[in-house]
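Participant: Dropping a structure here in structure tokens format, bear with me for questions.
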Amino acid sequence: MAKTLIIAPPPTPNGDLHVGHMAGPYLAGDIYARYLRLNGKAVNYATGTDDSQTYVVTSALKLGTTPEELCRQSSEDIHSSLKLWGVDLDGYAPFDDGYKKSVYKFLNPLFENGKLIKKTVRLPYSAHRGEYMVESFVAGECPVCLAHSRGGLCEGCGHPNNFDMLVRPTSTLPPYEPLEYREAEILVFPVEDYRSELEAYYAARKGKWRPHILQLMDELFSRELIDFPVTYPVGWGLPSHFPGTEGQVLNAWIEGMPASMYCNACGEVTADHSADADAIWRSETGNALMYFLGFDNSYFWGVTHLALLMAHEGKYILPHTIVPNEFYELENSKFSTSRGHLIWARDLVSELPRDYARFYLCLTSPEHNRNNFSRAALKQILNERLITSWNLLVSAYKAQDWNARIDDNAENVDVIVETMSSRLHQCCRIETFSQSRLADWILNHITRLQELIAENNGLSLWAVNRQLSVLLDGMGLVMIDLHKSVAPAGTLNACSVLTLPELSLIGSDTCSQSYAS
């Protein structure tokens with residue numbers, strides 16, 4: 003059976019995940035994976051950590067630790083936080099020898115076939131430190147939108163700023179001085195060579211993906227695609243083994259595809275992940291590949307990584323769909339680790355049941371525009387729209403004398419169940435995937451079923467339970483503990499009275515203890 007491979011980009015291990023991270027690809031990927039499993043599909047949902055990112059170095063300096071120790075601790079913390087939130091991964095890749103071998107194995111044939119070339123470029127340089135300053139080591143103004151940006155990519159507009167493109171480059175390491183540009187010979191990947199294939203790929207997806215990523219692609223393809231740096235003359239990263247680049251390291255972003263392959267390989271039941279880490283990504287498998295990612299990663303995953311897969315000339319599957327999300331803000335200001343403006347993901351699920359946290363993030367998911375996390379809104383929305391409504395449904399359900407209600411109304415119930423299921427699929431299938439619409443669907447049917455049950459209409463337990471079963475399936479994609487408490491074996495008997503737990507209102511003393519026994 004062909005599988006759906008789901009990738010949420012490996013996070014940088016420069017700290018734990020905060021709520022902004024969780025509201026993005028990790029929870030979305032989990033919901034989509036659960037939806038596929040609910041429908042009997044084979045799934046491999048995986049991630050890992052991106053240890054080669056230079057952000058590890060800058061963060062370690064601020065925290066007074068070593069990059070190696072920060073990676074080790076953060077990797078453990080990230081994995082733990084994903085588990086605490088109920089993100090059901092098939093694979094979580096370690097940054098080990100198998101990972102490193104998979105990276106070199108992916109790149110070696112590209113170098114041998116002349117698809118990676120040496121080029122003299124100008125890079126930011128610190129005369130004070132005697133070092134080149136790239137990626138997170140340098141900040142300046144984006145050449146496209148003039149917003150403040152780090153090296154490599156602008157988070158604001160999504161455009162790359164390789165080499166000497168940053169305006170007024172400044173070091174992000176002490177003494178934070180203005181930088182000059184100096185020449186260096188590095189290895190690059192000429193993305194422009196794959197323009198025709200890339201344009202054909204996106205032409206086939208017009209009107210099918212979220213519009214912002216397609217708009218970005220139009221902007222990028224309106225000019226020459228810039229070369230992508232494969233190696234850098236810096237000290238942090240995997241050593242380059244390519245002749246003529248001695249002493250250089252691989253650009254962390256070049257690891258994206260082999261890293262993802264290794265993540266999925268770790269989700270397979272095999273004795274040796276490293277030997278054929280790319281096996282389930284090969285074209286002959288018939289597998290489908292889906293990415294869930296933040297919009298700021300769209301250029302790397304949607305252009306350079308895609309072109310690298312194309313450079314292998316049909317060996318690998320290409321992503322069927324990329325589902326990007328926008329930034330999630332905290333109290334109307336961007337989540338910021340450096341400013342301490344954040345809520346750690348693990349802290350939120352220590353304060354209230356994770357089902358509540360998962361539901362609120364789904365309802366307010368930043369799918370097309372920036373959205374906002376607010377503690378006051380969380381309490382009000384969950385108490386008034388979810389918890390109280392659900393408890394009214396539970397009370398109405400428990401109060402019925404089901405022996406006296408015998409109207410199955412089978413034909414009409416079949417239509418209603420099909421209507422409910424059709425809309426649930428519309429929310430969850432990849433082409434129209436929307437966490438926020440799923441949350442709205444749940445709220446709508448909680449209210450509808452509560453009113454239906456409360457009416458003196460004689461509708462039978464069988465007729466009500468068939469509709470309630472569809473609702474619980476949809477809720478189970480988000481509210482995983484509630485679903486488990488109602489149907490621990492994963493099935494519901496339409497002829498039996500269900501044990502539906504009430505939900506606790508969020509108050510000042512709310513804690514993370516599950517509401518479901």
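So the sequence shown is residues 3 to 519, counted in the working numbering. Here a beta-carbon is modelled for each residue, glycine too, at the ideal position from N, C-alpha and C. Being a predicted model, the structure only gives us computed values, none of them experimental.
1. In or out: H275 buried (at least 16 other Cβ within 10 Å) or exposed?
2. Looking at V58: is its Cβ nearer than 8 angstroms to the Cβ of C73?
3. Taking the C-alpha atoms as reference points, what is the distance between G50 and N385?
4. What is the rounded straight-line gap between the Cα of W87 and the Cα of F294?
5. Taking the alpha helix (DSSP H) that V472 belongs to, which residues open and close that run?
6. Just to confirm my understanding: we take T14, look at its own chain, exclude 5 residues before and 5 after, and list those with CB closer than 7 angstroms. What are they?
7. Grab me the residues of D280's own chain with a C-beta within less than 6 angstroms of its C-beta, minus the 5 sequence neighbours each way, in chain order.
8. How is E133 classed by DSSP in three states: helix, strand or coil?
9. In the DSSP assignment, find the unbroken beta strand (DSSP E) run with H150 in it and report its ends.
10. Can you give the Cα-Cα distance for M481 and N446, rounded to whole angstroms?
11. Starting from the C-beta of P326, find all residues in its chain whose C-beta is less than 7 angstroms away, skip the five residues before and the five after it, and write them out in chain order.
12. Determine the direct distance from the alpha carbon of Y204 to that of M219, and round the result to whole angstroms.
13. What residue range does the alpha helix (DSSP H) around E185 cover?
14. Inspect the beta-carbon positions of R468 and A496 and report whether they are closer than 8 angstroms.
15. How would you call R124, buried or exposed, if buried means at least 16 neighbouring beta carbons within 10 angstroms?
16. CB-CB under 6 angstroms to T247, same chain, minus the five flanking residues each way: which ones, in chain order?
17. Mind checking which residues open and close the alpha helix (DSSP H) that includes Y358?
18. In the structure shown, what three-state DSSP assignment does A456 receive?
19. Starting from V488, trace the alpha helix (DSSP H) both ways and give me its first and last residue.
20. Between the Cα of P321 and the Cα atoms of Y330, L310, E331, F329, which residue gives the shortest distance?
21. Assuming N334 and N371 form a contact by the criterion Cβ under 8 angstroms, report the distance between their Cβ atoms to the nearest whole angstrom.
22. Quick one: what's got a C-beta closer than 6 angstroms to G492's C-beta in the same chain, skipping five residues either side?
23. Following the continuous alpha helix (DSSP H) through A62, name the residue where it begins and the one where it ends.
24. How about V499 and V419: do their beta carbons lie closer than 8 angstroms?
25. Can you name the start and end residues of the beta strand (DSSP E) that G304 belongs to?
26. Return the CA-CA distance between K5 and S352, expressed in angstroms with no decimal places.
27. Quick one: what's got a C-beta closer than 7 angstroms to W443's C-beta in the same chain, skipping five residues either side?
28. Using 10 angstroms around the beta-carbon of H23, count the other beta-carbons present and answer buried if the total reaches 16, otherwise exposed.
29. What is the DSSP secondary structure of N373, reduced to helix, strand or coil?
30. Taking the continuous beta strand (DSSP E) assigned at R425, which residues delimit it?
31. Do S77 and G17 have their C-beta atoms closer together than 8 angstroms?
32. Decide if Y178 is buried, meaning its Cβ has at least 16 other Cβ atoms within 10 Å, or exposed.
33. Is it right to say Q217 is buried, meaning 16 or more other beta carbons lie within 10 angstroms of its own, or is it exposed?
34. Within 10 angstroms of the Cβ of N542, are there 16 or more other Cβ atoms? Answer buried if so, exposed if not.
35. Check A401 in the structure and name its three-state DSSP category.
36. If distances are taken between C-alpha atoms only, which option among K210, L463, D92, A347 comes closest to D409?
Facilitator: Considering the structure as presented:
1. In this prediction, H275 scores a pLDDT of 49, lower than 50, which makes its location untrustworthy; the coordinate-derived value is nonetheless stated afterwards. H275 is buried by the Cβ-count criterion.
2. Yes, they are a contact pair.
3. Distance between the alpha carbons of G50 and N385: 35 angstroms.
4. When rounded, the distance between both Cα atoms is 17 angstroms.
5. Residues 463-478.
6. Hits under 7 angstroms: D52, Q55, Y57, V58.
7. When the five nearest sequence neighbours on each side are left out, the beta carbons in the same chain lying within less than 6 angstroms of the beta carbon of D280 are those of M263, in order along the chain.
8. DSSP, reduced to helix, strand and coil, places E133 within a strand of the structure shown.
9. Unbroken beta strand (DSSP E) run through H150: 150-152.
10. The alpha-carbon atoms of M481 and N446 are separated by roughly 15 angstroms.
11. Sequence-distant partners of P326 (beyond 5 residues in either direction) whose C-beta falls short of 7 angstroms from its own C-beta, in its chain, are R212, H214, I215, L295, G296, F297, S300.
12. If I take the Cα positions, the gap works out to 8 angstroms.
13. Counting along the chain, no alpha helix (DSSP H) covers E185; the unbroken beta strand (DSSP E) around it starts and ends at 182-191.
14. It is a contact, given that the beta carbons lie within the stated cut-off.
15. R124 is exposed by the Cβ-count criterion.
16. In its chain, beyond the 5 residues on either side, L189, T233 have a beta carbon closer than 6 angstroms to the beta carbon of T247.
17. Start and end: 356-365.
18. In the structure shown, A456 falls within a helical segment according to DSSP collapsed to helix, strand and coil.
19. It spans 482-488 - the alpha helix (DSSP H) in which V488 sits, taken as one unbroken run.
20. For the residues Y330, L310, E331, F329, the minimum Cα distance to P321 belongs to L310.
21. Their Cβ separation, rounded to whole angstroms, is 13 angstroms, which puts N334 and N371 out of contact at 8 angstroms.
22. Unreliable positioning characterises G492 in this predicted model, as indicated by a pLDDT of 49, which lies under 50. The coordinate reading is nonetheless provided below. The answer is none, since no qualifying residue turns up.
23. If you look at A62, you'll find it in the alpha helix (DSSP H) that goes 57-65.
24. Using a Cβ distance threshold of 8 angstroms, V499 and V419 do not count as a contacting pair.
25. For G304, there is no enclosing beta strand (DSSP E), as DSSP marks it with neither H nor E.
26. Each residue's alpha carbon lies about 34 angstroms from the other.
27. In the same chain as W443, and ignoring 5 residues on each side of it, the C-beta atoms closer than 7 angstroms to its own belong to R425, L426, C429, G476, in chain order.
28. Counting Cβ neighbours within 10 Å, H23 comes out buried, since at least 16 surround it.
29. It is a strand residue.
30. Boundaries for R425: no beta strand (DSSP E) harbours it, while the alpha helix (DSSP H) harbouring it runs 412-430, taken from the DSSP string.
31. In this structure, the beta-carbon distance from S77 to G17 does not fall below 8 angstroms.
32. Classification of Y178: exposed, given that the 10 Å Cβ count is below 16.
33. Exposed, by the Cβ-count rule.
34. It is not possible to answer for residue 542, since the shown part of the chain is limited to 3 through 519.
35. A401 falls in the helix class under three-state DSSP.
36. The option with the nearest alpha carbon to D409 is L463.
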